[in-house]
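Right, one structure below, let's go through it.
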Amino acid sequence: MSWWARDSVASMLFTSQRLMDPIIWDSIPDTTNAEEAMHWKLYASVGRDHSLMEGIRSLLRFTQHVAKLVEGVRSA
(Lines of atoms letter the chains of each structure in order from A; the text may use other names.)
(Lines give C-alpha, C1' and ligand atoms only; values in the text may rest on other atoms or scores of the structure.)
Protein backbone atom coordinates (compact mmCIF):
# COMPACT_ATOMS: atom_id res chain seq x y z
CA MET A 1 0.00 0.00 0.00
CA SER A 2 2.87 2.38 0.70
CA TRP A 3 3.94 2.25 -2.95
CA TRP A 4 0.45 3.31 -4.13
CA ALA A 5 0.41 6.15 -1.61
CA ARG A 6 3.71 7.65 -2.83
CA ASP A 7 3.24 11.18 -4.15
CA SER A 8 4.49 10.32 -7.65
CA VAL A 9 2.07 7.40 -7.96
CA ALA A 10 -0.93 8.70 -6.03
CA SER A 11 -1.06 11.89 -8.09
CA MET A 12 -1.64 9.80 -11.23
CA LEU A 13 -4.25 7.50 -9.70
CA PHE A 14 -6.33 9.42 -7.21
CA THR A 15 -8.30 12.55 -8.05
CA SER A 16 -7.78 13.93 -4.55
CA GLN A 17 -3.99 13.76 -5.05
CA ARG A 18 -3.90 15.17 -8.58
CA LEU A 19 -1.55 18.11 -9.05
CA MET A 20 -2.49 18.94 -12.63
CA ASP A 21 -5.02 21.66 -13.35
CA PRO A 22 -8.42 19.97 -13.94
CA ILE A 23 -8.87 21.77 -17.27
CA ILE A 24 -5.56 20.42 -18.55
CA TRP A 25 -6.35 16.94 -17.17
CA ASP A 26 -9.67 16.91 -19.02
CA SER A 27 -7.97 17.96 -22.26
CA ILE A 28 -5.71 14.87 -22.34
CA PRO A 29 -6.95 12.33 -24.91
CA ASP A 30 -8.47 9.14 -23.52
CA THR A 31 -6.22 6.74 -25.42
CA THR A 32 -4.19 3.75 -24.38
CA ASN A 33 -0.96 4.99 -25.99
CA ALA A 34 0.68 5.87 -22.66
CA GLU A 35 -0.23 2.47 -21.24
CA GLU A 36 1.09 0.69 -24.31
CA ALA A 37 4.31 2.70 -24.15
CA MET A 38 4.76 1.70 -20.51
CA HIS A 39 4.15 -1.96 -21.36
CA TRP A 40 6.85 -1.71 -24.02
CA LYS A 41 9.26 -0.23 -21.45
CA LEU A 42 8.47 -3.06 -19.06
CA TYR A 43 8.97 -5.75 -21.69
CA ALA A 44 12.18 -4.12 -22.93
CA SER A 45 13.51 -3.82 -19.37
CA VAL A 46 12.55 -7.12 -17.79
CA GLY A 47 11.70 -9.42 -20.67
CA ARG A 48 8.72 -11.70 -21.08
CA ASP A 49 7.50 -15.19 -20.27
CA HIS A 50 9.14 -15.43 -16.85
CA SER A 51 8.07 -17.87 -14.20
CA LEU A 52 5.82 -16.27 -11.61
CA MET A 53 8.54 -15.62 -9.02
CA GLU A 54 11.10 -14.41 -11.55
CA GLY A 55 8.46 -12.11 -13.05
CA ILE A 56 7.71 -10.65 -9.63
CA ARG A 57 11.42 -10.17 -8.93
CA SER A 58 11.85 -8.48 -12.31
CA LEU A 59 8.95 -6.12 -11.66
CA LEU A 60 10.37 -5.27 -8.25
CA ARG A 61 13.77 -4.43 -9.77
CA PHE A 62 12.04 -2.29 -12.41
CA THR A 63 10.04 -0.33 -9.81
CA GLN A 64 13.19 0.17 -7.72
CA HIS A 65 15.00 1.52 -10.80
CA VAL A 66 12.15 3.92 -11.60
CA ALA A 67 12.08 5.08 -7.96
CA LYS A 68 15.80 5.93 -8.16
CA LEU A 69 15.19 7.91 -11.36
CA VAL A 70 12.36 9.85 -9.73
CA GLU A 71 14.49 10.62 -6.67
CA GLY A 72 17.31 11.76 -8.94
CA VAL A 73 15.00 14.21 -10.70
CA ARG A 74 13.70 15.54 -7.39
CA SER A 75 17.19 16.11 -6.01
CA ALA A 76 18.48 17.83 -9.17
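Using the numbering used here, the first residue of the sequence shown is number 1, and each one after it goes up by one.
We put the CB at the ideal spot given by N, CA and C, even for glycine.
Only a predicted model underlies this, so the values are computations on that prediction, with no experimental measurement involved.
Inter-residue spacing [alpha-carbon to alpha-carbon] between residue i and residue j
{"i": "residue 53", "j": "residue 23", "result": "42 angstroms"}
{"i": "residue 46", "j": "residue 58", "result": "6 angstroms"}
{"i": "residue 43", "j": "residue 3", "result": "21 angstroms"}
{"i": "residue 63", "j": "residue 20", "result": "23 angstroms"}
{"i": "residue 38", "j": "residue 75", "result": "24 angstroms"}
{"i": "residue 55", "j": "residue 48", "result": "8 angstroms"}
{"i": "residue 69", "j": "residue 50", "result": "25 angstroms"}
{"i": "residue 33", "j": "residue 40", "result": "10 angstroms"}
{"i": "residue 25", "j": "residue 35", "result": "16 angstroms"}
Same chain, Cβ closer than 8 angstroms to residue i, neighbours up to 5 away in sequence not counted
{"i": "residue 31", "result": "none"}
{"i": "residue 29", "result": "none"}
{"i": "residue 65", "result": "45"}
Presumed contact (8 angstroms Cβ cut-off) between residue i and residue j, rounded CB distance
{"i": "residue 17", "j": "residue 11", "result": "5 angstroms"}
- Scan the segment 21-68 and note each continuous beta strand (DSSP E) run of 3 residues or more that stays entirely inside, going in chain order. Complete beta strand (DSSP E) runs here, min 3: none at all.
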